[in-house]
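Scroll down for the structure; my scribbles are underneath it.
Residue numbers (the working numbering), protein chains in the order written: chain A, 5 to 331; chain B, 4 to 330.
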């Protein structure tokens, strides 16, 4: 029987737990900062969806690629992007990876192979597929995870990418966070399917639907899919059923959703479920749990201080970074 | 020196660059065993293998996006869009991803992709195999747009584009593929991107053009010379970035500008050139800036008399030049 520490050892599990807590803390703190108008634009919270982003990304190696969308704070934190870098992005400061050019939630970080996303939904799935093709051509044993929501599966380029990945058995995991709402449009108006993973059959590779709020299930499924991809077994489509607690962005009150639906999903919060498991298996203690939250708060506070003390870019820097000028 | 057609020049450039750089690959529809519908990639799959000369599904979005993605892990890509008319599904990837990725990553990613695009009319292709849609891309900073008119330039510009490390749209005019032969050097050479070429010196007026009409302008110039109208022909070669210096230098010398392109007049590249001249050389003008361009219909109609009516020709250019010279 699979026990909790047969997938990751105890230290790794503790580390994963910390990354989950850090993501939750970062996200909730950033929502507060937005409400205080400490940064411009809007913010796309992913509270409630931490398991589906942090866990698969946490399993990657440095040279592996993440092709995220805009709600993938956790994928960045899981990959190891420093919180201060992400916060500088949110604050549009010169010290951010894009030097203030793109949106607060266009998280990307080239040193760790996180591809900066665009707002055109599903475009990143095609880029991720291309990166996987690149690894194949370079004979590298690296893998790609492309993260996207349920809405993305309605776009043509999603289908083109999965079709191609199936043809060439590319080393990629398509990780769909089905949070039941594409902005304000419910799943039943996106698709006649109940399980989006059924789509994978059309592309000739496995599709799996899992409880995206169960860290252990996400861990097990994504580990298997990544190992398979790394060893030449081709792509997997993982549909994680999950839920975003708040609106599409912070300017959306999300009153299109029935309150009981929100309450149901809040009761399935992935983090306490995982905590309970870790405590039951004596991997963490109650004290360590408290310490994790207090360290996360400290890390986020430091990130905020870093971002707020970072300069804005000069206005004329808007004209930079258009072309690569070297050889 | 050896004599080649325009399409042979393209094939030579592709072969030599593939031999030179094993990180270079190409993908597209029918480019493999078949060698491309116009045979631009003839023999290349046999030489470089099925993955480096990759036949794709009918998926332009995938062709563009996967090419971009592959460059993010260290490859260089030369995808083929079989007909410019079919580039629309790839526009999302080209405009939103390729053109903006360097900018939105603060200069941390680069996108060395050359999109080879077969464009232009005059061969009975009808509405959907004749379009000259370069203007769609010329208003997108972050891209470079190249449109060679001769075999020499076709080879030299393609090699320069491949070595450039920025996303480039390379427009090949299909009527030129086999209608033109030229001696080109046996040794490796490049034609720099962003530099126009004075194809003919003259004093009476400047014809500013690119692609197929360059050759028509040179034909018209021979007739006009008999009437003592000495035409200067400027071949832009690169449309983005455009060689303003050469345009202005020529117009300041002749005082008259005739802009010629096959694409329809409204919103075309010609309007931009006219504006550059109006802004920076107004005081030098002896006559209104004049355009010879395709009529404003959606694309080139099929029936031969209508196609001929649409196309730019040496006669149309000569007629416009006479009027301009007499102004």
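Cβ coordinates follow ideal geometry from the N, Cα and C atoms, glycine included.
- Ranked by how close their Cα comes to the Cα of residue 51/B, the residues 186/B, 21/B, 256/B and 68/B have 21/B in first place.
- Using beta-carbon distances, residue 41/B does not count as an interface residue toward chain A, since no partner is under 8 Å.
- In terms of Cα proximity to residue 110/B, the closest of 81/B, 75/B, 88/B and 86/B is 75/B.
- Contact between residue 66/B and residue 116/B is ruled out by a C-beta separation of about 10 Å, above the 8 Å threshold.
- The Cβ atoms of residue 78/B and residue 138/A lie closer than 8 Å to each other.
- Residue 33/A and residue 237/A have their C-alpha atoms some 40 Å from each other.
- Below the 8 Å Cβ cutoff, chain B contributes 59, 60, 62, 65 and 69 as neighbours of residue 168/A, in chain order.
- Distances from the CA of residue 197/A to each of 311/A, 208/A, 155/A and 219/A were compared; the closest alpha carbon is that of 155/A.
- Neighbours of residue 100/B across chain A, judged by C-beta separation under 7 Å: 122, 127 and 131.
- Residues 148, 242, 243 and 272 of the same chain have their beta carbon placed closer than 6 Å to that of residue 141/B, with the five preceding and five following residues left out of the count.
- By the neighbour-count criterion, in which 16 or more other beta carbons inside 10 Å mark a residue as buried, residue 178/A falls on the buried side.
- In this structure residue 203/A is buried. Its beta-carbon is surrounded by 16 or more other beta-carbon atoms within 10 angstroms.
- For a Cβ distance threshold of 8 Å, residue set 28, 54, 55, 73 and 78 of chain B lies close to residue 141/A, ordered along the chain.
- From the beta-carbon of residue 111/A, no residue of chain B is found nearer than 9 Å; the closest lies around 11 Å away.
- Not one beta carbon of chain B lies nearer than 8 Å to the beta carbon of residue 245/A.
- When the five nearest sequence neighbours on each side are left out, the beta carbons in the same chain lying within less than 6 Å of the beta carbon of residue 130/B are those of 302, in order along the chain.
- Beta-bridge partners assigned by DSSP to residue 201/B: 237/B.
- Runs of the alpha helix (DSSP H) lying entirely within the segment 245-273 of chain A, each at least 4 residues long, are 263-270 in chain order.
- Residue nearest to residue 125/B within the set 73/B, 64/B and 219/B is 219/B (criterion: CA-CA distance).
- At a cut-off of 8 Å between beta carbons, residue 35/B makes no contact with chain A.
- Of the residues 259/B, 307/B, 135/B and 297/B, the one whose Cα lies closest to the Cα of residue 285/B is 259/B.
- The segment 226-241 of chain A makes no contact with the segment 253-269 of chain A, as fewer than three CB pairs between them are under 8 Å.
- Contact with chain A is absent for residue 192/B, since none of that chain's Cβ atoms lies less than 8 Å from the residue's Cβ.
- In chain order, 31, 33, 45, 83 and 85 place their CB closer than 8 Å to the CB of residue 39/B, counting only its own chain and leaving out the 5 sequence neighbours on each side.
- Per the C-alpha coordinates, the member of 165/A, 316/A, 84/A and 73/A positioned closest to residue 61/B is 165/A.
- Listed along chain A is no residue with a C-beta nearer than 7 Å to that of residue 287/B; the closest approach is about 29 Å.
- With respect to the 8 Å criterion, residue 278/A and residue 219/A are classified as neighbours on the basis of their beta carbons.
- For residue 182/A, the three-state secondary structure derived from DSSP is strand.
- In the three-state scheme derived from DSSP, where H, G and I count as helix and E and B as strand, residue 172/B is classed as strand.
- Counting only the Cα atoms, residue 177/B lies some 27 Å from residue 277/B.
- The closest CA to that of residue 83/A, considering only 59/A, 74/A and 193/A, is found on 59/A.
- Rounded to the nearest whole angstrom, the CA to CA distance from residue 102/A to residue 119/A is 11 Å.
- From the beta-carbon of residue 103/B, the residues of chain A found nearer than 8 Å are 122.
- Per DSSP, the unbroken beta strand (DSSP E) holding residue 5/B starts and ends at 5-8.
- Interface annotation, residue 149/A: not in contact with chain B, CB-CB separation never under 8 Å.
- When the alpha-carbon of residue 252/B is set against those of 199/B, 298/B, 221/B and 231/B, the nearest one is in 199/B.
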